[in-house]
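K.L.:
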Ligand SMILES: [Zn+2]
Ligand SMILES: [Zn+2]
């Protein structure tokens, strides 16, 4: 289990959400004009990222809205989320994949003491 | 309690919790608020025509801050999403409200749906209300993070609920009709550690 940030409702327990797979995969505009290979790529081929992954979530049990988020696939820590149509935020290059916002940094530091 | 319908002569109405006595424990009481009117309203709050039309009926601006709510007389309006609100009224008062909203919003994109009989509402009241609700609710209900008037959908163990803090230690929890008995039983069991000897 981990925390997910809804762009509207804020940081909440993951169990309130449903996962929607990798984000920013555009449906081919003319499915009839493309090869089986291209259609297969659209349906099945994913980046299978180790590290920061852009993905879709829906806040099923609360506001019910879809959004995108960046999650570290090794640590399951979410960096941030963003609304559909917005550009993805950029985590710092040296992000450890463990701490996200300042709130959680404080929590993590408190836990170490 | 089952009772006579005010709308349909000769018809008896009840909720899934009719016939259950309130749960009383040391520091927490659970009762049902049966037969509240419940309406789901959807529309574009950023559209001045929509906002003005709704205000002309409710007498107040729709809450647009996430998790916020407001009261106007006997009506409670909850933010549900950026384009969706939940409205609670007294029993059967939702019928007039829906008529008024549809009239005021004529020609404006909206959705007004009576969901009164899709849910019921439980009131969890008392100094131990947070301790009891924490046994199944994943939202942090501590006073530092969940303030009076706040409201949100969330999970309660296997159920989906909508919860609001009505007043200091008074929570109102809306639950789907078919899940009401599950939630009631869960809360009754959870309150046993504080049951009077
Ligand atoms: Zn949300
Ligand atoms: Zn954080």
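Protein chains in written order, with this note's numbering: chain A, 2 to 114; chain B, 375 to 571. Note that CB positions come from ideal geometry on N, CA and C, so glycine has one too.
1) Could you work out which residues of chain B lie near residue 14(A), taking near to mean beta carbons separated by less than 7 Å?
2) By DSSP, does residue 467(B) sit in helix, in strand, or in coil?
3) Taking residue 23(A) as part of the beta strand (DSSP E), name the residues at either end of that continuous run.
4) Would the C-beta of residue 532(B) count as close to ligand 1, meaning under 8 Å from any of its heavy atoms?
5) Can you have a look at residue 504(B) and say buried or exposed, based on whether 16 or more other CB atoms are within 10 angstroms of its CB?
6) Does the distance between the C-beta of residue 64(A) and the nearest non-hydrogen atom of ligand 1 fall short of 8 Å?
7) Assuming contact is defined by CB atoms lying nearer than 9 Å, are residue 52(A) and residue 73(A) in contact in what I supplied?
8) Among 428(B), 375(B), 508(B), which residue has its Cα nearest to the Cα of residue 476(B)?
9) For residue 379(B), which residues of its own chain have a beta-carbon under 8 Å away from its beta-carbon, when the five flanking residues on both sides are left out?
10) Taking a cut of 8 Å between CB atoms, which residues from the segment 430-463 of chain B lie near chain A?
11) Report all residues from its chain with a CB closer than 6 Å to the CB of residue 527(B); omit the five preceding and five following residues, and keep chain order.
12) Quick one: grab the DSSP three-state call for residue 518(B).
13) Looking at ligand 1, does it come within less than 8 Å of residue 12(A), judged from the CB to the closest heavy atom?
14) Are any of the Cβ atoms in chain B nearer than 9 Å to that of residue 63(A)?
15) Under the DSSP definition of a beta bridge, which residues are partnered with residue 495(B)?
16) If you measure beta-carbon to beta-carbon, which residues of the segment 520-543 of chain B are closer than 9 Å to chain A?
17) Return no unless some Cβ of chain B is closer than 9 Å to the Cβ of residue 87(A).
18) Taking the C-alpha atoms as reference points, what is the distance between residue 448(B) and residue 375(B)?
19) Would you check if the segment 391-402 of chain B and the segment 497-513 of chain B touch, i.e. whether three or more CB-CB distances between them fall below 8 Å?
20) On the premise that residue 21(A) lies in contact with residue 67(A), defined as a C-beta separation below 8 Å, what is that separation, rounded to the nearest angstrom?
21) Less than 8 Å between the CB atoms is what I'm expecting for residue 29(A) and residue 45(A), so what's the real figure, rounded?
22) With distances taken from CA atoms, which of 55(A), 49(A), 62(A) is nearest residue 512(B)?
23) According to DSSP, is residue 61(A) part of a helix, a strand, or is it coil?
24) Which class does residue 448(B) belong to by DSSP, given the choice of helix, strand or coil?
25) Starting from residue 13(A), follow the beta strand (DSSP E) in both directions and report where the run begins and ends.
26) Grab the span of the beta strand (DSSP E) containing residue 426(B) for me, first residue to last.
27) One question on the structure: do residue 409(B) and residue 389(B) come within less than 9 Å of each other, judged by their Cβ atoms?
28) Take residue 530(B) and list the residues in its own chain whose beta-carbon comes closer than 7 Å to its own, dropping the five residues that flank it on each side.
29) Got a sec? Which residues, its chain only, sit under 8 Å from residue 522(B) by beta carbon, not counting five neighbours each side?
30) Output yes if chain C places a C-beta closer than 9 Å to the C-beta of residue 101(A); else output no.
31) If you drop the 5 nearest sequence neighbours on each side, which residues of the same chain put their C-beta closer than 6 Å to that of residue 489(B)?
32) Sorry if obvious, but does the Cβ on residue 9(A) come closer than 8 Å to a heavy atom of ligand 1?
33) Distance, Cα to Cα, residue 469(B) vs residue 440(B)?
P.N.:
A quick look at the data gives this:
1) Residue mapping note: residue 14(A) aligns to position 13 of the first chain, counting from 1. Within chain B, 512 have C-beta atoms less than 7 Å from the C-beta of residue 14(A), given in sequence order.
2) On the second chain, position 93 is the one that residue 467(B) refers to. Of the three classes helix, strand and coil, the one that applies to residue 467(B) here is helix, per DSSP.
3) In the first chain, counting from the first residue as 1, residue 23(A) sits at position 22. First-last of the beta strand (DSSP E) with residue 23(A): 19-23.
4) Locating residue 532(B) in the second chain gives position 158, where the first residue counts as 1. For residue 532(B), the shortest separation between its Cβ and any heavy atom of ligand 1 does not lie below 8 Å.
5) Locating residue 504(B) in the second chain gives position 130, counting from the first residue. Buried, by the Cβ-count rule.
6) As a position in the first chain, residue 64(A) is number 63, starting the count at 1. Residue 64(A) Cβ: within cutoff of ligand 1.
7) In the first chain, residue 52(A) corresponds to position 51, counting from 1. In the first chain, residue 73(A) corresponds to position 72, counting from 1. A contact, by the Cβ cut-off of 9 Å.
8) Residue numbering aside, residue 476(B) sits at position 102 when the second chain is read from its first letter. Restricting attention to 428(B), 375(B), 508(B), the CA atom closest to the CA of residue 476(B) is found in 428(B).
9) Indexing the second chain from 1 puts residue 379(B) at position 5. These residues qualify, in order along the chain: 385, 386, 387.
10) The segment 430-463 of chain B vs chain A, Cβ under 8 Å: 440, 441, 454, 455, 456, 458.
11) The residue labelled residue 527(B) in the question sits at position 153 within the second chain. Taken in chain order, the residues that qualify are 536.
12) The sequence position of residue 518(B) within the second chain is 144, counting from 1. Reduced to three states, the DSSP call for residue 518(B) is coil.
13) Here residue 12(A) corresponds to residue number 11 of the first chain, with the count starting at 1. No, since every heavy atom of ligand 1 falls outside the 8 Å radius drawn around the Cβ of residue 12(A).
14) Sequence index remark: in the first chain, residue 63(A) carries index 62 (1-based). So yes, residue 63(A) belongs to the interface.
15) Locating residue 495(B) in the second chain gives position 121, counting from the first residue. 407(B), 548(B), per the DSSP bridge assignment.
16) Residues of the segment 520-543 of chain B whose Cβ lies closer than 9 Å to any Cβ of chain A, in chain order: 526, 527, 528, 529, 534, 535, 536.
17) For the purposes of this step, residue 87(A) is taken as the residue at position 86 of the first chain. Taking Cβ atoms only, chain B never reaches closer than 9 Å to residue 87(A), which makes this a no.
18) Translated into positions along the second chain, residue 448(B) becomes position 74. Translated into positions along the second chain, residue 375(B) becomes position 1. Using only the alpha carbons, I get a separation of about 22 Å.
19) For the pair of segments examined, the segment 497-513 of chain B was found to touch the segment 391-402 of chain B: the number of CB pairs separated by less than 8 Å reaches three.
20) Position 66 of the first chain, counted from the first residue, corresponds to residue 67(A). Position 20 of the first chain, counted from the first residue, corresponds to residue 21(A). For a cut-off of 8 Å, the C-beta gap from residue 67(A) to residue 21(A) is around 7 Å, short enough to register as a contact.
21) Position 28 of the first chain holds residue 29(A). Position 44 of the first chain holds residue 45(A). With a Cβ gap of about 13 Å, residue 29(A) and residue 45(A) do not count as contacting.
22) Position 138 of the second chain, counted from the start, is the residue given in the question as residue 512(B). Residue 512(B) has its Cα closest to that of 62(A), out of 55(A), 49(A), 62(A).
23) Taking the first chain and counting its residues from 1, the one referred to as residue 61(A) is at position 60. In this structure, residue 61(A) counts as coil in the three-state DSSP scheme.
24) The sequence position of residue 448(B) within the second chain is 74, counting from 1. Residue 448(B) falls in the coil class under three-state DSSP.
25) One-based indexing of the first chain puts residue 13(A) at position 12. It spans 11-14 - the beta strand (DSSP E) in which residue 13(A) sits, taken as one unbroken run.
26) For the purposes of this step, residue 426(B) is taken as residue 52 along the second chain, with counting starting at 1. Per DSSP, residue 426(B) belongs to no beta strand (DSSP E); it is in the alpha helix (DSSP H), 422-432.
27) Taking the second chain and counting its residues from 1, one reaches residue 409(B) at position 35. Taking the second chain and counting its residues from 1, one reaches residue 389(B) at position 15. Yes; because the gap between Cβ atoms is below 9 Å, this pair is in contact.
28) In the second chain, residue 530(B) corresponds to position 156, counting from 1. Taken in chain order, the residues that qualify are 510, 511, 557.
29) To locate residue 522(B), count along the second chain from 1; it is residue 148. The residues are 539, 540, 541, 542.
30) The chain inventory of the structure shown lacks chain C, comprising the protein chains A and B.
31) Taking the first residue of the second chain as position 1, residue 489(B) is located at position 115. Cβ neighbours of residue 489(B) beyond the five flanking positions: 412, 414.
32) As a first step, residue 9(A) is located in the first chain; it is residue number 8 there, counting from the start. Yes - ligand 1 has a heavy atom lying nearer than 8 Å to the Cβ of residue 9(A).
33) Taking the first residue of the second chain as position 1, residue 469(B) is located at position 95. Taking the first residue of the second chain as position 1, residue 440(B) is located at position 66. In this structure, the straight-line span from the alpha carbon of residue 469(B) to that of residue 440(B) is close to 27 Å.
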